[in-house]
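Worksheet for the structure shown next.
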Amino acid sequence: MTDPTPTPHVRAVTVTLPGEVFHDEGADAAAIGAHGGRAREIGEELTRAGYDVQTVRLSAPALDGPTDRDRLAARAADLAEGCRRAGVGSASLAALRPAALAKLDPGDVAEVLTGHPSLFLAVVVAGDAGVDEAAVEFSGALVRELARRDPEANFRFAAVANLAPNAPLFPGSFGDGGPAGVSVGLQSAGTLLARARADRPRDPAAATRLTAACLGEELAALARLLEPLGRARGLRFHGFDPSPACAPDASIGEFLEVAGGIRFGAPGTVATCAAVTAGIRSAGHPTVGYAGLMLPVLEDPVLARAWQEGRIDADSVLAYSSVCGAGLDTIPLPGTTPDREVVALIRDMAALSARWGKPLSARLMLAPPGSDPRRTTFRAEQIINIAYPAPPSPDA
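Position 296 of the sequence shown, counted from 1, bears residue number 739 in our numbering, the numbering being contiguous throughout.
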């Protein structure tokens with residue numbers, strides 16, 4: 444008996460805000476609320492059409508020039524107020540480009556982010572000019588500062604590299620500052636897993652075909668609904684991020700194991716990741732964002748177990764990212780992790796992104812000082828807590 448076809452899921456409907464609603468003293472909360480109302484309406488229309496829409500979001504433009512704590516705090520307060528007025532649960536405050544960091548300390552950004560639990564934020568650490576070392580160091584210090592102030596806040600921060608504007612998925616999302624638009628991120632691990640269980644691909648080429656066909660069908664159906672919904676509300680359609688996000692009851696790791704005939708982390712994992720990514724990128728329709736395989740370690744039960752058992756680590760996840768996805772996502776780090784190691788992980792991600800010119804990010808779940816050295820103890824409902832793998836023996 445094959446699995447029943449799961450309800451189609453959408454991870455995020457994201458409306459990018461125009462630059463005109465922001466100014467030096469903050470933002471126009473009423474205008475933000477109006478745009479949020481449009482985002483919510485689209486989410487409701489998709490729900491009526493049979494989709495399970497997980498989140499509806501707003502995304503502010505990147506900050507390109509020097510800002511300071513007071514301006515960032517005012518922008519955050521007005522954006523959070525606009526979300527409240529619209530009934531929108533979350534928003535991206537900004538992607539801080541290297542020039543925007545000149546007058547900021549990591550503590551300034553941590554204060555703003557921990558003060559507004561509905562807001563996400565990114566720092567751009569690599570782009571056309573290569574890796575920016577100051578932004579890498581700033582990001583590492585911010586990860587440490589967030590862990591000290593609020594262990595859950597690092598879920599809402601990422602260092603990003605070579606990510607284009609108007610992507611729907613957080614924390615990396617930021618707008619281009621032009622007219623308001625809409626983009627959508629998929630949550631299709633369940634659909635892919637059901638198809639793989641039914642078809643049992645025999646080789647990587649079959650896994651590619653299965654992925655492309657499954658996502659192509661999902662995207663075609665969504666496009667028929669979404670494009671007219673956006674036009675009716677005066678929103679540009681930016682495109683889809685077809686990266687198949689996982690869900691509590693649908694593991695992207697399990698899909699990879701079934702599609703590739705592997706145990707995740709064992710030989711064959713790189714080839715399977717590459718095959719599935721090839722399918723994602725040949726599914727058709729306008730794409731935006733990462734458009735690749737995402738491996739969020741602490742959000743996926745198969746990936747979390749592989750980390751706990753020592754079958755994968757940061758180096759192997761980066762190796763998989765060379766052929767697939769989003770970089771280092773929800774990576775568990777004990778509170779005793781040295782500052783230089785936190786920075787080095789971000790630097791490695793940025794270097795890989797710069798070498799291949801591909802969008803990657805680092806979202807590092809660093810435990811606070813004095814936390815349990817044996818296991819993670821995060822409270823966020825999206826996070827799967829695990830025991831840290833035993834360190835290698837010095838005699839090994």
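Beta carbons: idealized from backbone N, C-alpha and C, even for Gly.
A quick note: this is a predicted structure, and the numbers were derived from the prediction, not measured.
Identify every run of the alpha helix (DSSP H) within the region 669–746, keeping only runs that are complete inside it and at least 4 residues long; order them along the chain. Qualifying alpha helix (DSSP H) stretches, in chain order: 695–703 and 712–723.
The beta strand (DSSP E) enclosing Ala565, as first and last residue numbers: Residues Leu562 to Gly570.
Count the CB pairs spanning the region 744–760 and the region 523–537 that are closer than 8 Å, and state whether there are at least three. Judged by Cβ distances under 8 Å, the region 744–760 makes no contact with the region 523–537, as fewer than three pairs qualify.
Would you kindly report the start and end of the unbroken beta strand (DSSP E) that includes Thr850? Because the chain here runs from 444 to 839, residue 850 falls outside it and cannot be looked at.
Does the distance from the C-beta atom of Phe680 to that of Val625 stay below 9 Å? Yes. Within cutoff.
Could you pull out every unbroken alpha helix (DSSP H) segment of at least 4 residues lying fully inside the region 615–662, listed in chain order? Here the runs fully enclosed are 632–642.
Segment contact flag, the region 771–784 with the region 550–559, C-beta cutoff 8 Å, min 3 pairs: Judged by Cβ distances under 8 Å, the region 771–784 makes no contact with the region 550–559, as fewer than three pairs qualify.
Find out if the Cβ-Cβ distance for the pair Leu635, Leu658 is shorter than 9 Å. With respect to Leu658, Leu635 sits close: the two C-beta atoms are nearer than 9 Å.
Nearest CA to the CA of Tyr733: which residue from Phe821, Val740, Cys689 and Ala604? Nearest of Phe821, Val740, Cys689 and Ala604 to Tyr733, Cα basis: Ala604.
May I have the straight-line CA-CA distance separating Arg587 from Arg783, to the nearest angstrom? Note on geometry: alpha-carbon atoms of Arg587 and Arg783 lie some 11 Å from one another.
Cα separation between Ala607 and Asp507? Spanning the alpha carbons of Ala607 and Asp507 requires a straight line of approximately 14 Å.
Applying the 10 Å Cβ sphere with the 16-neighbour rule, what's the burial state of His466? Counting every other CB atom within 10 Å of its CB across the protein chains shown gives His466 a total below 16, marking it as exposed.
Express the C-alpha separation of Ala648 and Arg439 in angstroms, rounding to a whole number. Residue 439 lies beyond the residue range present for the chain, which begins at 444 and ends at 839; the question has no answer from this structure.
Can you find at least 3 beta carbon pairs, one from the region 582–596 and one from the region 473–491, that sit closer than 8 Å? These segments do not touch.
Leu612 to Asp758, Cα distance in whole Å? Cα to Cα, Leu612 sits roughly 24 Å from Asp758.
Could you check if Pro781 is buried or exposed, using at least 16 other CB atoms within 10 Å of its CB as the buried criterion? By the neighbour-count rule (16 or more Cβ atoms within 10 Å), Pro781 is not buried but exposed.
Quick check on Pro509: buried or exposed, where buried means 16 or more other Cβ atoms within 10 Å of its Cβ? Classification of Pro509: exposed, given that the 10 Å Cβ count is below 16.
Please identify the residue among Lys801, Arg798, Pro777 and Ala787 whose C-alpha is closest to the C-alpha of Ala810. For the residues Lys801, Arg798, Pro777 and Ala787, the minimum Cα distance to Ala810 belongs to Pro777.
Would you list the residues sitting across from Ser502 in a DSSP beta bridge? DSSP output for Ser502 lists Thr459 and Ser535 as bridge partner(s).
In chain order, what residues of the same chain lie with their CB nearer than 7 Å to the CB of Met444, ignoring the 5 residues before and after it? Here Met444 scores only 39 on pLDDT, less than 50, and its place in the model should not be relied on; the value that follows carries that caveat. Taken in chain order, the list of residues that qualify is empty.
For Pro644, which residues of its own chain have a beta-carbon under 7 Å away from its beta-carbon, when the five flanking residues on both sides are left out? Ala650, Leu653 and Ala702.
Classify Gly673 as buried or exposed, calling it buried when 16 or more other Cβ atoms lie within 10 Å of its own Cβ. It is buried - the Cβ of Gly673 has at least 16 other Cβ atoms within 10 Å.
Asp684 burial status per 10 Å Cβ neighbour count (16 or more: buried): Buried, since its Cβ has 16 or more Cβ neighbours within 10 Å.
What number of angstroms, rounded off, separates the C-alpha of Ile485 from the C-alpha of Pro832? When only Cα atoms are considered, Ile485 and Pro832 end up about 43 Å apart.
N- and C-terminal bounds of the alpha helix (DSSP H) containing Ala813: Per the sequence presented here, residue 813 reads as Gly, with Ala not at that position. Where Gly813 is concerned, there is no enclosing alpha helix (DSSP H), given that its DSSP letter is neither H nor E.
Since I believe Phe617 is in contact with Ser538 (beta carbons under 8 Å), could you give me their beta-carbon distance rounded to a whole number of angstroms? Per the sequence presented here, residue 538 reads as Ala, with Ser not at that position. Contact holds; Cβ gap of about 4 Å.
What is the residue span of the alpha helix (DSSP H) that Thr557 lies within? Start and end: Pro549 to Gly558.
Leaving out five residues before and five after Ala472 in sequence, what residues of the same chain have Cβ atoms less than 7 Å from its Cβ? Here the set comprises Asp521, Glu524, Gly525 and Arg528.
Out of Asp692, Ala693 and Ala718, which has the shortest C-alpha to C-alpha gap to Gly704? When Asp692, Ala693 and Ala718 are compared, the shortest CA-CA separation from Gly704 is found for Ala718.
Run through the region 776–835 for me and flag every whole alpha helix (DSSP H) of 4 or more residues, listed as ranges in chain order. Counting only runs of 4 or more residues that sit fully inside the region 776–835, the alpha helix (DSSP H) segments are 782–799, in chain order.
Which of the three DSSP states is assigned to Phe613 in this structure? Coil at Phe613, not helix or strand.
With DSSP as the reference, label Arg754 as helix, strand or coil. The DSSP-derived three-state label of Arg754 is coil.
Leu771 bridges to which residues according to DSSP? Paired residues: Ala805.
At a cut-off of 8 Å, would you count Ala693 as near the ligand NAD, judging by its Cβ distance to the nearest heavy atom? The model depicted lacks the ligand NAD and carries no ligand whatsoever.
Counting pairs of beta carbons, one from the region 570–580 and one from the region 786–796, are three or more of them closer than 8 Å? Yes: the two stretches touch, three or more of their Cβ pairs being nearer than 8 Å.
Contact under 9 Å by Cβ, Ala517 with Ala470: It is a contact, given that the beta carbons lie within the stated cut-off.
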